Structures are given as structure tokens and as C-alpha cells.
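Peer 1:
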DNA sequence: ATTTAGCACTCATTAGATAAGAGTGCTAAC
DNA sequence: GTTAGCACTCTTATCTAATGAGTGCTAAAT
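Protein chains in written order, with our numbering: chain D, 1 to 340; chain A, 1001 to 1340.
1) Give the secondary structure of residue 1070 (chain A) by DSSP, where H, G and I count as helix, E and B as strand, and everything else as coil.
2) Helix, strand or coil for residue 1303 (chain A) per DSSP?
3) State the Cα-Cα distance for the pair residue 276 (chain D) and residue 45 (chain D), rounded to the nearest angstrom.
4) List, in chain order, every chain D residue whose beta-carbon is nearer than 9 Å to that of residue 964 (chain A).
5) From the DSSP secondary-structure annotation, give me the bridge partner or partners of residue 1160 (chain A).
6) Residue 1163 (chain A) versus chain D: which residues are under 8 Å apart at the beta carbon?
7) If I follow the unbroken alpha helix (DSSP H) through residue 1055 (chain A), where does it start and stop?
8) Quick one: measure Cβ to Cβ for residue 73 (chain D) and residue 320 (chain D), integer angstroms, because I've assumed they're closer than 8 Å.
9) Alpha carbon to alpha carbon, what distance is there between residue 1080 (chain A) and residue 87 (chain D)?
10) Out of A:1136, A:1231, A:1164 and A:1230, which has the shortest C-alpha to C-alpha gap to residue 1193 (chain A)?
11) If you follow the alpha helix (DSSP H) that residue 1124 (chain A) is in, where does it begin and where does it stop?
12) Please confirm if the stretch 1149 to 1162 of chain A is in contact with the stretch 135 to 153 of chain D, defined as three or more CB-CB distances below 8 Å between the two stretches.
13) Do residue 140 (chain D) and the ligand ADP come close, with the Cβ less than 7 Å from some heavy atom?
14) Check whether the Cβ of residue 154 (chain D) lies closer than 8 Å to any Cβ atom in chain A.
15) For the stretch 161 to 181 of chain D against the stretch 1182 to 1197 of chain A, are there 3 or more C-beta pairs whose distance is under 8 Å?
16) Between residue 256 (chain D) and residue 291 (chain D), what straight-line distance do the alpha-carbon atoms span, to the nearest angstrom?
17) Beta-carbon within less than 7 Å of residue 1133 (chain A)'s beta-carbon, same chain only, minus the 5 sequence neighbours each way: which residues are those?
18) Applying the 10 Å Cβ sphere with the 16-neighbour rule, what's the burial state of residue 102 (chain D)?
19) Is the CB of residue 1160 (chain A) under 8 Å away from at least one CB in chain D?
20) For the beta strand (DSSP E) that contains residue 134 (chain D), what are its first and last residues?
21) Could you please give me the residues that DSSP links to residue 1309 (chain A) through a beta bridge?
22) What is the rounded straight-line gap between the Cα of residue 1245 (chain A) and the Cα of residue 1287 (chain A)?
23) Suppose contacts are defined by Cβ-Cβ distances below 8 Å. Is residue 1026 (chain A) in contact with residue 1014 (chain A) by that definition?
24) Give a yes or no on whether 8 Å exceeds the smallest Cβ distance from residue 1146 (chain A) to chain D.
25) Ignore the nearest five residues each way along the sequence and tell me which others in residue 1030 (chain A)'s own chain have a CB closer than 8 Å to its CB.
26) Since residue 124 (chain D) contacts residue 110 (chain D) with CB under 8 Å, what's their CB separation in whole angstroms?
27) Among A:1162, A:1236, A:1217 and A:1262, which residue has its Cα nearest to the Cα of residue 1254 (chain A)?
28) Look at the alpha carbon of residue 182 (chain D) and the alpha carbon of residue 138 (chain D), and state the distance between them as a whole number of angstroms.
29) Tell me the DSSP secondary structure of residue 1036 (chain A) in three-state form.
30) If we count the other Cβ atoms within 10 Å of its Cβ and call it buried at 16 or more, is residue 1297 (chain A) buried or exposed?
31) Looking only at its chain, what residues have a beta carbon closer than 7 Å to the beta carbon of residue 164 (chain D), apart from the 5 residues adjacent to it on each side?
32) Any beta carbon of chain A sitting closer than 8 Å to that of residue 231 (chain D)?
33) Taking beta-carbon pairs under 7 Å, can you tell me which members of the stretch 253 to 272 of chain D lie near chain A?
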């Protein structure tokens, strides 16, 4: 169990290091006004903290740097609730106050705000389509052999896909097909669409000429095959500002992860409720071993809807960042809930 | 006027430098099999080439490096037609052979192919909407106070925007409005849409109740206000591989340009027909002073439709890259033309 | 009149050597 | 328990050769 003085010393070291990115020496600590002990005393405490694994030296006579265990302890026990500046709150509120009515827009702006305010890289996943239902399905012929299929959800999301129409299918066939599908599928949750298509609709279609069947195959391929991940990344270049990433090799490996959207999406999707902080090695992904990832979920009703995350160096402004993410994920939840 | 031998020396220097990124010395040149002179002779020629401004030293006793004037001369006069490897051609053909039917898809894939094959950063602008016409306009009510407007062009492009519907407007109002608009505007080129809306339609609408007018204002705002630039960038991280960008500061300033899509779009839009190479200072943009930008246009009929570009270090594989861009822009033109 | 061999000279890069400074760990005194 | 004092360690910066790649020039060879 750490003594109060050890807690204080650890706190000061981490706070200072977060700002300076430089190893912290005993003298620097003893000079802080909340500390009233000599540097020699601090040195003794530091030696103990090092033995316990909370801090490290970069070389035998250097100041101390937080270890991952140190960060972990800091995040779990030393984080005082942070008072966001009214400037920060203003920026966020200002973003949300103009009436946005589209998922994408809201999420994209959120990602931007978050990365701008923190100077880290923001990643937002979702929203997932649990509650979204089919509002309308439509096929519009463009020419004899091409058409575009459009799917609209009750959330205002529009999915579309062009496809080429085989010669044996008439535009009227497509029209009838769409009518049938609309009859049957409107208000069906998107997530069940695939299943419903198989069970209910294909029977129905089989009673008609086989033209419908082919047309249906095409339509299915066009609209439902790939549900691309919706991932929004903001402030990619902020990484370049961090002194811990002055090494091009590190940047490269980190960027190559960020570009792999599906990997990243899986990572965020696996998050459970609430705010979670992964520090360094706690991250499964190799290239993130020098990073911290903070994730929070936003919800619609009691349903988890998506994840909002921030990627930065281990030396993160945890306190402020967690508050910001908190505010923002709540704001997201509130906004989406207000729509339905 | 340069002698044949000077041309040869210049060519070898640039070719070598493009591959090694290292200053080229006289001995290395004299060893090349196409060169049959001693290093001393080469040195004399190099001194002349330097006086003429085609090559430079990095310091007083270093080998030579091409100057921008040298690159310019190389591109203008020394570029032998490059035989693309069949591997390269295969990759490109393979990309285009599966029946893609959507602008976006084609352009996106092209950007990816181009950056993958070259290891530079590809930027594709467009396609512009000269020839595209309105195919269908639609408004779908999502709830009492929100709706989504969808615009479909004859090219299969779908534009959509959610908006909130003021209380005084009824869903039926919207329906009527859309019917009127569809009657009048289908097959009107997108580019004239704005104008036509003002001249023809607003008169028409004014004869009805003013509800239409408000609804129309909303619709206009939702659909036509901002025509976002369609810019596709591939291989952003390839920049990190280039030895000339080992300086974080340079990377940062270059990325900050790439992120400013509108600036970039303006840059590409200003391109005239054919292939154009901008080397270093020839680029207007400060952050690109160490880069070369190669642009080509693709066309629909005789109409310039968009621009395809490649951004890399001045030390670019001009020959190969230009051939690739050529093939790809032709392929783009061919694909689009085959659709209409 | 070219071309080339030879050589002095320049400059970047590297390695070692030294000095300064920051910070520690330990001991002994308070 | 706390602190002053001091030896010790390691980093960083600066300096000095030493090395080597490459040039420019001169004089000889073709």
C-alpha cells in the first residue's frame, strides 16, 4: 500500500511528465509548492516507487518516468475529476447546437471536435444499425442495362449501389420486384433484412416467373452484400506532433494500423459499456504498444450504439481527455435519443 | 546546346539518382557500361553541366544531384517511352475488367491501384458533372419533422441529405413539390439545375400557396447548396517511405496540404488537357516545393471530366509514372465513355 | 585538341576524448 | 524521520583527428 507521500510524489511525476515529456528529477518535485520535503526525501520515495514498479529510469542517473503500471495506477486511483474549461464546453455545445439531422454528419463533426480539442487522433465507430429499420427500397433504371438501387432507413441513412441489369430482365420486372419488397420489408430492422429476405420473400418470389429470381439475386448482391464499416477518424496528423513519435518507423506502423479500418473497427467493437483506458502493452495491437487508447460507448435507449475513442501517446492528458470523451459520448447519446 | 555526351551524362545522373537518392560521382558514371569515358572526362562534363544549372553539388566535394532545371530538361527531352511491365498492365486491367458501374467505385479503385503501383500518393479529382443529368428527385418523410431528400443522376450518382421539416409543412406538401420538380427538372443537366430552379420553377411555385415556397427553400438548401468536392486520395502513407521526407516537419506540412481537400481540388482543377509535370518550385504551394506533381485529365467525349494526379518527391520515376498515368487516365476515359 | 592519369584539396562522416551538467544513491548529521 | 553533502553515473555537447569519397586542376598521353 502506498503512503500518502508516495501517492503525492507519483501524482506529481506523472502530471509533470504528461506536460513535459521529460524525465522528472527529485529536485524538480521538491520545488513544487504542494511538496514540502527536500529532494533527498523525494529521492528515497522515488527509489521505493521504482522498486514497486510505478516509475522507471531512462538510465542510471536520470530522473524518473512513469511506467505502464504507474499510468494504470494513476488512471485508476489518482484521477481527480477534471473541470473542463468553459471554452472546451462551448466548442462542443456549439457543434451540437445547430440542428444536425444525420448520423454521419453528427459523428463526423464529433470526431473532428474531439481531435481538435485534444490534439490526439479520434476514432468513432458506428452507429450500429440495431434500431434502424427499412424505410424505403427503390430501384431506378439509368439505362437499358444499368440501374441504381437505393435503400433508405428510418434514420435517414441512405445506402445505394449501381449495378448492371442483365438483358433478360425488363425494367417493369424490377419495378414489380421493388413493390413486392417494399410491401414486405418496410419497417423491418435492417439487421433482420437478410434473414427475412431468405425466409419470407424468396418463397413469394418463386411463385412468379424466374425473372424475378434473377433480378432478386442482383438486387441482393447490390444492396446487402457488403455492409461497410462506418469508421470516422479525425486528426490523423496530430500523431506527428507528439515527441514520442519522432521516429518515422513508429509513425509508419501506427498509420498502417489506422488505415486498416476493419481491424480498428473490430478493436472498438469489442469494447463494453463505459469508459475504458488501454495503456501501452494492454493494447493487443503491436503498433499500439506505445499508445494509449481511450474508448467510450454511446447508446440509444439502453442499447449500445457505437464507440468513440481517442488514440494518443501513453503520456496522455488522461484527466481532461476522459472528461471530454464523457461529455461527447453523452452528447452523442442525447442527440440520437432525441431523434427517436 | 548540350552535346551528346553531356546529354548522356545528365541522363545517367538523373536515372541513377532517381534510384539511389544519393549524389552521383564521376567514377560511378564512368563505370556504367553505356559510358566509355574516364572519370576525369566525366568530371569536366559535370562541371559544365553544373555551370549550365542542370546539376548541383550538395557540398564542395560531393557528387552531383539533379537540379530542378535538370529534372525539367530530363522530363522534356530525355524521357524515353517506357515499356510498362506486363505485371503492371495486368494489375490495371484486372482492376477494370470486373464490371464496375459506379463512378465512385471506379475512381477509388484507380486511386488505389495508382498509389500501390508507384508507391507515391495518388489524387484523383472528379468526375465533374458536366454531362450528368437529373434522373430523379425524391423526398422521403422519416418522421413528422424530418425527411431525407435524394437526388439521382443518370450516371447512377446518388446525393442525399436529411433535413428537419418545419411544422407548417405537411408531408403532402412535400410530395406535391417533388412531383412538380420531377416534372420540370428530370433530364436537366445538374450544372444548370440551380439556374433552372430560379427561372422556371420558382414562378411556378409562387402560384401555389406559400407553403410550397418554404418547402422549396428547405429542399434547395438540403440538396443544392454545397456541392462537396469529390477527391480521392490513395497511398497517403507512401510519403513516409521516401528518404527525402525523413524530416517530420516536412511531412507535417505536406499532410496539412493533403488534408485541405478544397485547396487540392482547386490545384488539380486548374490543369489543362494532357499530361503535365510540375517540379518543385513550379508548384505554387509552399509545402510542395520538394515534390513533383504529375497530372493528367480524363475525358468524356471531348469534355474534360476530371484529373488524376500523383504526388511524390522530385526524384520521381518520371518515365514509368507518366506511362502509368497515361494508361490509367485512358482507361478511365474509356470506361466512362463506354457507359454513355 | 581531346582525353586521361595523377594528385592536392575539400568536406561529410565517424570515432574517440573531454568537459559540463543533471540526477542519483548513500552516508552521516540533524 | 528528514536532510545536507558528496561521490558517482550517465547523457549531451563540443572538439579533434582520421577516413574516405569526390572534386578540380595540371601535365602527360593519345
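We put the CB at the ideal spot given by N, CA and C, even for glycine. Note that the structure is a prediction, hence the values are computed from the model and not measured.
Peer 2: From the atom records:
1) Along the second chain, read from residue 1 onward, the residue named residue 1070 (chain A) stands at position 70. Helix, per DSSP.
2) Mapped onto the second chain, residue 1303 (chain A) falls at position 303. Strand, per DSSP.
3) Sequence index remark: in the first chain, residue 276 (chain D) carries index 276 (1-based). Sequence index remark: in the first chain, residue 45 (chain D) carries index 45 (1-based). So the alpha carbons of these two residues sit roughly 30 Å apart.
4) Outside the shown range of chain A (1001 to 1340) lies residue 964 (chain A), about which nothing can therefore be said.
5) As a first step, residue 1160 (chain A) must be located in the second chain, where it is residue number 160. Under DSSP, the beta-bridge partners assigned to residue 1160 (chain A) are A:1150.
6) As a first step, residue 1163 (chain A) is located in the second chain; it is residue number 163 there, counting from the start. Here the neighbours are 101.
7) Locating residue 1055 (chain A) in the second chain gives position 55, where the first residue counts as 1. Taken as a continuous stretch (DSSP letters only), residue 1055 (chain A) belongs to no alpha helix (DSSP H), being part of the beta strand (DSSP E) at 1055 to 1057.
8) For the purposes of this step, residue 73 (chain D) is taken as the residue at position 73 of the first chain. For the purposes of this step, residue 320 (chain D) is taken as the residue at position 320 of the first chain. Between residue 320 (chain D) and residue 73 (chain D) the Cβ distance is about 18 Å, and since that is not below 8 Å, they are no contact.
9) Residue mapping note: residue 87 (chain D) aligns to position 87 of the first chain, counting from 1. Residue mapping note: residue 1080 (chain A) aligns to position 80 of the second chain, counting from 1. Those two C-alpha atoms are separated by around 60 Å.
10) Along the second chain, read from residue 1 onward, the residue named residue 1193 (chain A) stands at position 193. The shortest Cα separation from residue 1193 (chain A) among A:1136, A:1231, A:1164 and A:1230 belongs to A:1136.
11) The count along the second chain starts at 1 and reaches residue 1124 (chain A) at position 124. For residue 1124 (chain A), no alpha helix (DSSP H) run applies; the uninterrupted beta strand (DSSP E) run containing it begins and ends at 1121 to 1125, by DSSP.
12) Flag = yes, the stretch 1149 to 1162 of chain A and the stretch 135 to 153 of chain D touch.
13) Only the bare structure without any ligand can be found here, which leaves the ligand ADP out of the picture.
14) Indexing the first chain from 1 puts residue 154 (chain D) at position 154. It does; some Cβ of chain A falls within 8 Å.
15) With fewer than three CB-CB distances shorter than 8 Å, the stretch 161 to 181 of chain D does not count as touching the stretch 1182 to 1197 of chain A.
16) Stepping through the first chain from its first residue, residue 256 (chain D) is reached at position 256. Stepping through the first chain from its first residue, residue 291 (chain D) is reached at position 291. The straight-line gap from Cα to Cα measures roughly 14 Å.
17) Taking the second chain and counting its residues from 1, the one referred to as residue 1133 (chain A) is at position 133. Cβ within range, chain order: 1153, 1154, 1187, 1188, 1189 and 1190.
18) Position 102 of the first chain, counted from the start, is the residue given in the question as residue 102 (chain D). So residue 102 (chain D) counts as buried.
19) Along the second chain, read from residue 1 onward, the residue named residue 1160 (chain A) stands at position 160. Yes, residue 1160 (chain A) counts as interfacial toward chain D.
20) Position 134 of the first chain, counted from the start, is the residue given in the question as residue 134 (chain D). Membership of residue 134 (chain D) in the beta strand (DSSP E) is indicated by the continuous run 134 to 141.
21) As a working note, residue 1309 (chain A) is residue 309 in the second chain. Answer by DSSP bridge pairing, in chain order: A:1123 and A:1295.
22) To locate residue 1245 (chain A), count along the second chain from 1; it is residue 245. To locate residue 1287 (chain A), count along the second chain from 1; it is residue 287. Their Cα atoms are separated by approximately 12 Å.
23) Here residue 1026 (chain A) corresponds to residue number 26 of the second chain, with the count starting at 1. Here residue 1014 (chain A) corresponds to residue number 14 of the second chain, with the count starting at 1. The answer is no: Cβ separation not under 8 Å.
24) Counting from one through the second chain, the residue named residue 1146 (chain A) turns up at place 146. Chain D has a Cβ within less than 8 Å of the Cβ of residue 1146 (chain A).
25) What you label residue 1030 (chain A) is simply residue 30 of the second chain in a count that begins at 1. Closer than 8 Å at Cβ, skipping near neighbours: 1037, 1038, 1039, 1041 and 1042.
26) Taking the first chain and counting its residues from 1, the one referred to as residue 124 (chain D) is at position 124. Taking the first chain and counting its residues from 1, the one referred to as residue 110 (chain D) is at position 110. That pair is a contact at about 6 Å.
27) In the second chain, the residue the question calls residue 1254 (chain A) occupies position 254. Per the Cα distances, A:1236.
28) Residue mapping note: residue 182 (chain D) aligns to position 182 of the first chain, counting from 1. Residue mapping note: residue 138 (chain D) aligns to position 138 of the first chain, counting from 1. Computed Cα separation, rounded: 8 Å.
29) By one-based count along the second chain, residue 1036 (chain A) stands at place 36. Assigned with DSSP and collapsed to three states, residue 1036 (chain A) falls in coil, not helix or strand.
30) Reading the second chain from its first residue, position 297 is the one you call residue 1297 (chain A). Of the other Cβ atoms in all chains shown, 16 or more fall within 10 Å of the Cβ of residue 1297 (chain A); this residue is therefore buried.
31) Here residue 164 (chain D) refers to the residue found at position 164 when the first chain is read from its first residue. Counting only residues of its own chain and dropping the five nearest sequence neighbours on each side, residue 164 (chain D) has a CB closer than 7 Å to the CB of 145 and 146.
32) By one-based count along the first chain, residue 231 (chain D) stands at place 231. At a cut-off of 8 Å, the C-beta of residue 231 (chain D) has no neighbouring C-beta in chain A.
33) Against chain A - using a Cβ distance shorter than 7 Å - the residues of the stretch 253 to 272 of chain D are 255, 256 and 259.
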